[in-house]
Structures are given as structure tokens and as C-alpha cells.
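Peer 1: Each protein sequence line maps, in turn, to chains A and B.
Counting from 1, one number per residue, gives the positions in the first sequence under the working numbering.
Counting from 1, one number per residue, gives the positions in the second sequence under the working numbering.
Glycine included, each C-beta is placed from N, C-alpha and C at the ideal position.
Only a predicted model underlies this, so the values are computations on that prediction, with no experimental measurement involved.
Protein chains: 2
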Amino acid sequence: MRNIAYFDNAATTFPKPEIVYRFMDKFYRECGVNVGRGQHKLATKAAKLISDTRASLIELLHCKNKKVIFTHTATEALNIVLQGINLNSGDTVYISPFEHNAVTRVLYHLQKKTCIHVEQLTVERETIQFNLDEIKNQFEIKKPAAVIVSHASNVCGVVAPIQEICALAKQYQAITVIDMCQTAGLIDTDLSTNNIDFAVFAGHKTLYGPFGVAGFICSPTVELSPLLFGGTGIDSANQELPETIPERFEVASPNIHAISGLYAALQWIKEVGIDEIYRKEQANHRRLLDLLKKYRNIGVVSSNKSNEIGIVSCVFEGYSSDVIGNVLSEKDIAVRTGLHCAPFAHRFLRTFPTGTVRFSVGYFNTEEDFVRLEKALDYIAENA
Amino acid sequence: MRNIAYFDNAATTFPKPEIVYRFMDKFYRECGVNVGRGQHKLATKAAKLISDTRASLIELLHCKNKKVIFTHTATEALNIVLQGINLNSGDTVYISPFEHNAVTRVLYHLQKKTCIHVEQLTVERETIQFNLDEIKNQFEIKKPAAVIVSHASNVCGVVAPIQEICALAKQYQAITVIDMCQTAGLIDTDLSTNNIDFAVFAGHKTLYGPFGVAGFICSPTVELSPLLFGGTGIDSANQELPETIPERFEVASPNIHAISGLYAALQWIKEVGIDEIYRKEQANHRRLLDLLKKYRNIGVVSSNKSNEIGIVSCVFEGYSSDVIGNVLSEKDIAVRTGLHCAPFAHRFLRTFPTGTVRFSVGYFNTEEDFVRLEKALDYIAENA
Chain A
1 MRNIAYFDNA
11 ATTFPKPEIV
21 YRFMDKFYRE
31 CGVNVGRGQH
41 KLATKAAKLI
51 SDTRASLIEL
61 LHCKNKKVIF
71 THTATEALNI
81 VLQGINLNSG
91 DTVYISPFEH
101 NAVTRVLYHL
111 QKKTCIHVEQ
121 LTVERETIQF
131 NLDEIKNQFE
141 IKKPAAVIVS
151 HASNVCGVVA
161 PIQEICALAK
171 QYQAITVIDM
181 CQTAGLIDTD
191 LSTNNIDFAV
201 FAGHKTLYGP
211 FGVAGFICSP
221 TVELSPLLFG
231 GTGIDSANQE
241 LPETIPERFE
251 VASPNIHAIS
261 GLYAALQWIK
271 EVGIDEIYRK
281 EQANHRRLLD
291 LLKKYRNIGV
301 VSSNKSNEIG
311 IVSCVFEGYS
321 SDVIGNVLSE
331 KDIAVRTGLH
341 CAPFAHRFLR
351 TFPTGTVRFS
361 VGYFNTEEDF
371 VRLEKALDYI
381 AENA
Chain B
1 MRNIAYFDNA
11 ATTFPKPEIV
21 YRFMDKFYRE
31 CGVNVGRGQH
41 KLATKAAKLI
51 SDTRASLIEL
61 LHCKNKKVIF
71 THTATEALNI
81 VLQGINLNSG
91 DTVYISPFEH
101 NAVTRVLYHL
111 QKKTCIHVEQ
121 LTVERETIQF
131 NLDEIKNQFE
141 IKKPAAVIVS
151 HASNVCGVVA
161 PIQEICALAK
171 QYQAITVIDM
181 CQTAGLIDTD
191 LSTNNIDFAV
201 FAGHKTLYGP
211 FGVAGFICSP
221 TVELSPLLFG
231 GTGIDSANQE
241 LPETIPERFE
251 VASPNIHAIS
261 GLYAALQWIK
271 EVGIDEIYRK
281 EQANHRRLLD
291 LLKKYRNIGV
301 VSSNKSNEIG
311 IVSCVFEGYS
321 SDVIGNVLSE
331 KDIAVRTGLH
341 CAPFAHRFLR
351 TFPTGTVRFS
361 VGYFNTEEDF
371 VRLEKALDYI
381 AENA
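1) At what residues does the beta strand (DSSP E) containing Arg358 (chain B) begin and finish?
2) Using a Cβ distance threshold of 8 Å, determine whether the segment 363-382 of chain B contacts the segment 69-78 of chain A, with at least three qualifying pairs required.
3) Quick one: is Arg385 (chain A) buried, meaning 16 or more other Cβ sit within 10 Å of its Cβ, or exposed?
4) Of all Cβ atoms in chain C, is any one closer than 8 Å to the Cβ of Lys305 (chain B)?
5) DSSP beta-bridge partners for Ala202 (chain B)?
6) Roughly how many whole angstroms lie between the Cα atoms of Ile277 (chain A) and Gly325 (chain A)?
7) Specify the secondary structure class of Thr274 (chain A) as computed by DSSP and reduced to three states.
8) Quick one: using the 10 Å Cβ neighbour count with 16 as the cut-off for buried, is Lys66 (chain B) buried or exposed?
9) For Trp268 (chain B) and Val20 (chain B), which I take to be in contact (beta-carbon distance under 8 Å), what is that distance rounded to the nearest angstrom?
10) Note the first and the last residue of the continuous alpha helix (DSSP H) segment covering Ala47 (chain A).
11) Under the three-state reduction of DSSP, which class applies to His257 (chain A): helix, strand or coil?
12) Cα separation between Val251 (chain A) and Leu228 (chain A)?
13) Whose Cβ in chain A lies nearer than 7 Å to the Cβ of Asn101 (chain B)?
14) Under a three-way DSSP split, which group does Cys31 (chain A) fall into?
15) State buried or exposed for His204 (chain B), treating a residue as buried only when at least 16 other CB atoms are found within 10 Å of its CB.
16) Please list, in chain order, the chain A residues whose beta carbon lies closer than 7 Å to that of Ser96 (chain B).
17) At what residue ranges does the segment 292-326 of chain A contain a whole run of the beta strand (DSSP E), taking only runs of 3 or more?
18) According to DSSP, is Lys16 (chain B) part of a helix, a strand, or is it coil?
19) Give the residues from the segment 244-256 of chain B that approach chain A closer than 9 Å (Cβ to any Cβ), ordered along the chain.
20) For Asp179 (chain B), which residues does DSSP report across the bridge?
21) Is the beta carbon of Ser150 (chain A) less than 8 Å from the beta carbon of Leu121 (chain A)?
22) Given that Thr104 (chain A) touches chain B, what residues does it touch there, using C-beta distances under 8 Å?
23) Using DSSP with H/G/I as helix, E/B as strand and the rest coil, what is Lys66 (chain A)?
24) Evaluate contact between the segment 300-315 of chain B and the segment 146-161 of chain B, counting only Cβ atoms and requiring at least three cross-stretch pairs below 8 Å.
25) Is it buried or exposed for Cys341 (chain A), if we count other Cβ within 10 angstroms and need 16 for buried?
26) Spatial neighbours of Asp197 (chain B) within its chain, please: C-beta separation below 6 Å, excluding the five flanking residues on both sides.
27) Comparing C-alpha positions only, which one of A:Leu87, A:Lys41 and A:Tyr363 sits nearest to Glu223 (chain A)?
28) Under a CB-based cut-off of 8 Å, is Ile4 (chain B) close to chain A?
29) Taking the alpha-carbon positions, what's the Asp188 (chain B) to Pro353 (chain B) distance?
30) So that I know if they touch, is there some Cβ in chain A lying closer than 8 Å to that of Ala11 (chain B)?
31) Under 8 Å: do the segment 99-113 of chain A and the segment 228-241 of chain B share three or more Cβ pairs, one atom per stretch?
32) Could you please give the first and the last residue of the uninterrupted beta strand (DSSP E) stretch that includes Glu119 (chain B)?
33) If contact means a Cβ-Cβ distance below 8 Å, which residues of the segment 7-39 of chain A contact chain B?
34) DSSP three-state call for Asp8 (chain B): helix, strand or coil?
35) Just confirm the distance between the C-beta atoms of Pro343 (chain A) and Ala237 (chain B), as a whole number of angstroms; I'd bet it's less than 8 Å.
36) Taking only the alpha-carbon atoms, compute the straight-line gap between Phe139 (chain B) and Val118 (chain B) and give it to the nearest angstrom.
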């Protein structure tokens with residue numbers, strides 16, 4: 001069995017709620033077929049599970065006016081959105097300083113094709129807080145064509161004021177994209193506003209579902225050029241993709257196995273309550289921060305403000321993050337070291353290019369996990 | 001529990017071998033983390049599982065000289081390959097008459113961007129056999145830039161002579177792409193030849209794995225422009241994707257859950273033996289054909305040649321395929337009706353636009369399944 005203190009929840013939450021494992025296994029054994037209405041009973045049942053999962057997501061994110069498009073990874077979702085919004089030469093795209101390579105590498109590719117400018121939204125270096133007045137000025141000087149913001153940084157957990165940023169961006173009719181990989185299901189968020197055009201989620205992170213299902217929320221009248229082409233199960237004679245959403249962006253067999261896991265996870269979130277999940281995660285975050293700050297050999301990257309989730313980057317005096325990662329691994333503690341696929345975040349936080357040791361908590365961290373971590377940190381401090 | 005006679009194996013094989021369900025559940029419970037060498041013990045274990053799965057695939061397909069790139073669907077793999085091979089204006093692309101929308105819709109998209117010509121390889125209409133002499137002539141008249149062939153049709157099961165077609169194509173230095181969704185793990189195929197540039201597979205079909213893992217086999221020196229951009233876990237500071245294969249084409253978190261299922265499925269194939277799986281599938285195919293041909297109200301689309309796999313399309317006298325599908329569904333028999341995302345195959349077989357009732361067998365069809373099917377077909381014949 002598991003015998004690890006798991007502080008790598010930002011990479012993927014682990015473990016999952018028991019019901020997620022159980023429901024996935026049962027559903028896939030009993031109904032592991034390809035979907036399709038009116039094909040056969042199991043296919044109809046599988047199709048219903050998918051539409052029920054969409055409905056649960058819509059409920060969780062308070063956006064009955066929007067559509068859910070399922071992809072297989074959040075990276076796929078970001079590629080579909082960013083490559084599909086048709087940026088023009090000369091356009092300015094604003095991103096936060098914390099964007100993942102799933103955003104910045106796509107933009108880099110687009111920059112090579114089209115002459116777009118990529119600018120960073122102003123964040124105060126000392127407090128790691130977004131400066132809305134300054135962002136307003138930035139938009140005034142260079143009109144935003146698109147604004148892309150991680151709701152919470154996967155490096156330091158800082159939460160962006162997405163509603164305010166998107167409201168500012170919409171004064172310039174910019175397209176707004178929120179990366180909610182670290183927040184969907186954790187921070188209660190209302191996506192009904194027209195200020196948010198696209199919100200990307202990853203099933204296997206804060207939604208406590210499995211790998212293999214992710215996607216984005218958008219308006220039913222979205223303008224987006226497709227990136228992937230293939231079978232849609234409907235309108236098959238037509239070589240154009242269907243105009244209907246979500247079918248237009250959901251080519252290929254849906255992953256009913258993963259979606260069944262997300263379905264169970266969403267039921268679990270509803271049962272426990274998103275506020276309770278947030279409360280427990282914040283308690284674990286506080287416990288982690290208090291522990292880390294005890295050690296003089298550990299530099300903690302933190303805003304010390306309340307708007308952070310349980311992702312903490314650290315620098316250990318005298319040791320590279322990889323060496324610390326190995327020591328922790330030997331003591332059966334899971335963390336993630338290096339650049340976390342977010343080199344610009346590390347540049348901003350001045351932890352580039354060596355990176356950090358990232359600890360990230362989840363709902364399921366236990367007393368035992370923290371005890372084990374404390375012992376290991378004591379050991380490192382003694383040997384520092 | 002399952003109470004269905006399942007004849008929809010071409011959509012996805014069902015059920016899976018018991019070991020696939022069991023291993024997936026166990027692995028995901030014990031090691032459901034994000035991969036990464038030298039991060040923590042579970043991440044290293046997950047990374048090893050992925051490399052072991054690649055090695056098993058390489059062994060199954062006899063291609064130690066090639067690389068395995070994992071994607072999430074075969075459609076994603078086909079998009080990466082077809083959008084990445086950089087066709088030029090004026091190029092002629094040959095496809096079989098049986099290609100899926102995952103090929104033809106991508107080509108249609110490329111045709112709108114670039115002036116490429118798409119031609120069909122010659123197949124004899126009466127015998128449904130590829131005419132290699134005629135194909136040679138076609139290539140002589142219009143040089144092929146790329147040749148894309150489904151190893152077996154997902155509509156009528158006809159198997160293409162891929163080695164011969166690719167050898168002909170390579171006389172013109174054409175890029176060759178084989179869609180093995182219906183054959184990998186079923187027909188013992190040697191992909192070591194340099195005549196085959198790309199072979200696409202779907203984990204959830206004849207490989208008896210789950211949804212969520214697919215991919216393609218290619219040479220390590222392949223020339224292909226990436227389609228999807230994002231984190232790769234390595235070389236994170238670089239905004240260019242890594243040059244190394246498979247990392248260049250494997251952005252985002254790998255689906256370790258699905259890959260663990262494919263791993264178990266490949267172990268199962270090795271244990272049972274691909275020849276034995278093929279033998280049993282062919283016996284089920286023969287049994288299905290013999291049954292269907294008993295009925296005067298059923299028109300069976302078949303080459304009557306030996307090179308077919310267990311996918312049989314039928315037309316029922318006096319009834320649309322959807323009506324027959326509904327009757328069968330009522331009797332707890334699963335088939336797939338309509339165009340099967342392959343409208344060109346139906347045009348070729350003259351079953352367009354109404355489509356067919358498709359029966360497809362797998363390794364796990366039972367005596368009971370055929371008895372139930374026979375009763376249902378008797379009922380339909382009596383009421384025809």
C-alpha cells in the first residue's frame with residue numbers, strides 16, 4: 001500500500017476519494033463502451049454519464065449560460081483555445097508572470113507564425129500581488145487583444161483577482177482566458193460572467209478526478225477555429241466539423257473511463273462541500289507554512305497574504321532543489337523540484353534557473369504526513 | 001452485471017481482460033501520481049511503467065529501430081502526423097477508400113489551407129481487394145507525396161496489403177502512414193521496415209487496453225512539425241519544445257492510469273499469444289458471417305476473401321439500419337449503425353447515405369452472444 005507522505009498535489013491530487021476509484025472500476029467493467037445515443041443500451045448509458053458530468057461541472061462553476069468542452073488534458077484545452085482565437089499581427093497578449101509552459105510555449109509558437117506581442121501583467125515583486133491600477137495603465141497604453149491568467153500559480157500558490165482583471169480586459173473587448181487547473185473545485189468561482197470567455201480545468205488536479213479528462217468552459221456562441229479534426233459521432237457525412245458546441249471541439253472517442261471518475265469526484269465535492277474542501281486545504285496550507293518557516297535554512301517563497309492556496313516553493317540554503325528532493329524521496333516524502341514547467345514564474349520569483357522545492361498539500365494530507373515531513377526537515381537542518 | 005451480447009468491438013473492445021481492470025485499479029490506487037524521474041519514488045515508478053509499456057509495444061510490433069509516441073486518442077495521433085508532415089501545394093495524397101473521418105476531415109482542413117490533391121487508391125468494387133498494379137499506375141501518373149491507409153476498414157473489415165502499398169509508395173519517397181486502430185495486437189505486423197513511416201494505434205481497440213492511451217510509431221529521426229505545445233517535464237526553461245523523441249510530441253501530463261491498463265493488456269496479449277487471439281477472432285468472425293448469411297433479408301458486405309477481420313456491415317431489407325439497431329438494442333445486443341465516421345467507405349460500398357448495421361466481434365464473444373443474436377435475427381426475419 002501507499003507509504004508516502006504526499007506533498008505533490010499540484011502535479012496531481014493523490015490519493016483520490018475512495019468513491020472515485022470504486023466508481024471508475026465499476027463503471028468501466030459494466031459500461032466501458034463507446035458512447036452514442038440510440039446505438040445500444042450501454043452506449044446510451046455512457047452518453048448520459050457524460051451529460052450528467054457536464055451538468056455537475058456547470059453547477060459547480062455556476063455557469064448555466066456556458067458550455068463544457070471535454071479534452072484529454074488541460075494542455076490540449078489551452079492549445080485549442082490559444083491557437084483557435086485567431087490573433088492578428090500586432091496584437092498584444094497579456095499573461096500573468098506565473099504562466100505554465102502550456103500557455104507560454106503555445107504563445108511562443110504563435111509569435112513565430114504571427115507578429116504578436118506578449119506582455120506580463122504587473123505584479124508587485126515584494127508582495128507577489130497583482131497591481132490592478134498598473135494593469136489598467138498597461139491596457140491604456142497597449143490595448144489588450146487577449147488576457148491569459150492562471151487563477152493560482154502552480155509554483156507559489158498566489159491567487160490572481162481574475163474577476164477584476166477580466167472586467168478591466170473586457171473594457172477593451174479583449175478575449176479572456178483563465179487557467180483554473182489549480183483552483184476548479186477548490187476556490188468557489190462564478191464563471192457566469194461574460195467577462196470570462198474561457199476557463200480551463202484539469203480533472204486530475206483540484207477536481208480530484210483521474211488523468212484523462214480536462215477541458216474548458218466557454219460561451220455557446222464562441223468564435224474559435226478548431227485545431228483537431230476527426231470523427232464526432234454526428235453529422236458524419238459532412239467533412240466540415242459540426243457547428244454545434246461541444247461536438248465541434250470534441251473529436252475522437254470520449255474517455256468514458258476518465259469521465260466516470262470525474263463524475264464521481266464531482267459528486268464527492270458536492271457531498272463534502274467546496275467550502276469545507278477549501279477550509280481543510282487552507283488548514284493544511286497553514287500547517288505547512290508554519291512548519292517550513294521554523295527552519296532558518298529554508299527560504300519560503302510566499303506573499304504572506306491570505307490569497308494563496310497550498311502550494312509553497314522553497315529554497316534550501318546550501319543545497320540544490322534536486323538534492324533536497326532526493327533526500328526527501330529517500331524518506332518517502334513526495335515533492336516536486338525544479339522549474340515546474342513554469343520558467344517565467346521562477347524568473348519573476350528570482351528562483352531561476354535552479355528552481356525550488358515545491359510542497360503542495362491537498363484535502364487528504366494527514367497528521368502523519370506532517371510528522372514525517374518535520375522529521376525529514378529536522379534531519380536536513382541538522383546536516384545543513 | 002453485464003447482460004449484453006456485445007458486437008461493437010470495432011468501436012472499443014469490451015470487456016477487457018480481467019487483468020486490465022485489476023491492474024489499472026491497483027496501480028492507480030498505489031501509484032496514481034504524475035511521472036518524473038528523480039522526483040520521488042512513486043513518480044519514478046510511474047515513469048518506469050511508461051517506458052516498460054513502450055518496450056512492450058515495440059516488441060509486439062517488431063520495431064526496435066522505431067520510437068513510440070503516446071497520445072490520448074488515435075485521432076490526436078493522426079492530427080499530429082497529418083498536420084505535421086508539411087505537405088506542399090500541388091502535392092498528391094493517396095488514401096484508401098476506407099479512411100475514417102480522423103483522416104479525411106484532417107485532409108479536408110489541409111486542403112482548405114494548402115492546395116493538395118487527395119486521391120483514392122484503387123480497390124476493386126466487386127471483390128473489395130486493393131489492385132496493386134493499378135495503384136502502381138496511379139503513382140506513375142501522379143507521384144504520391146503521402147500515402148495513408150487503414151490497415152483494416154472499420155466498416156467492412158477488409159485488410160489492406162500495407163507492406164506492398166508502402167513499398168510502392170517509397171519508390172516515390174512518399175511519406176507513408178498506416179492506421180492500425182483495428183489491427184494492432186490482432187494482426188501480427190512487422191513495423192521495422194523503413195517503408196512505413198508512421199503507424200497509428202488506439203489502446204482501447206484491438207490492443208484490449210482502456211480509453212485514454214493511443215499513439216504512433218515512427219523513426220527516431222522523423223521530420224514532423226509539432227501541433228501541440230506545452231510542458232514536457234524536461235528542458236523547461238526552453239520555450240522551444242525539446243528536440244528529443246518522444247518528448248517533443250508528448251506535451252502535458254501522461255495518463256498513467258490509462259497507460260497502466262495498456263501495460264497490463266500488452267502482458268495479456270503476450271501471454272495468450274497474438275496468433276491465438278487472431279485465431280479466436282477469426283473463428284468468431286466466421287461464426288458471425290455464417291449466421292448472417294443464413295438470412296435472405298440481410299445483405300452482407302463482405303469480400304468473401306480471407307483477408308478480413310471480424311467487422312461485418314449489413315443492410316436489412318425493408319428497414320433502416322437505425323431501426324434494426326433499436327430492435328437489437330431492445331434485445332440487449334450491441335451493434336453500431338449508420339456511417340461509422342467513415343462516409344467514404346460507405347460511398348465506396350454503396351451503402352451511403354443510409355449506412356449499415358455493423359457487427360464486430362472480439363476475443364471475448366461467447367456462445368451465448370451468438371445464440372442471442374440468432375434469436376434476434378430470427379425475430380427480425382419473421383417480422384420483415
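Peer 2: Put simply:
1) Thr356 to Ser360
2) no
3) Past the edges of chain A, shown from 1 to 384, lies residue 385 (chain A), and the structure says nothing about it.
4) Annotation note: the requested chain C is absent from the structure, which comprises protein chains A and B.
5) B:Ala214
6) 28 Å
7) The sequence as given places Ile at residue 274 (chain A); Thr does not occur at that position. Three-state DSSP puts Ile274 (chain A) in a helix.
8) buried
9) 7 Å
10) Lys41 to Leu60
11) helix
12) 7 Å
13) Gly230, Gly231 and Ser236
14) helix
15) buried
16) Near Ser96 (chain B) there are no residues of chain A at all, since even the closest Cβ is about 16 Å away, more than 7 Å.
17) 298-301 and 311-316
18) coil
19) Val251, Ala252, Ser253, Pro254, Asn255 and Ile256
20) B:Ser150 and B:Val200
21) no
22) Gln239
23) coil
24) yes
25) buried
26) Ile175 and Thr176
27) A:Leu87
28) yes
29) 34 Å
30) yes
31) yes
32) His117 to Gln120
33) Asp8, Ala11, Thr12, Phe14, Pro15, Lys16, Tyr21, Met24, Asp25, Tyr28, Arg29, Glu30, Gly32, Val33, Asn34, Gly36, Gly38 and Gln39
34) strand
35) 5 Å
36) 13 Å
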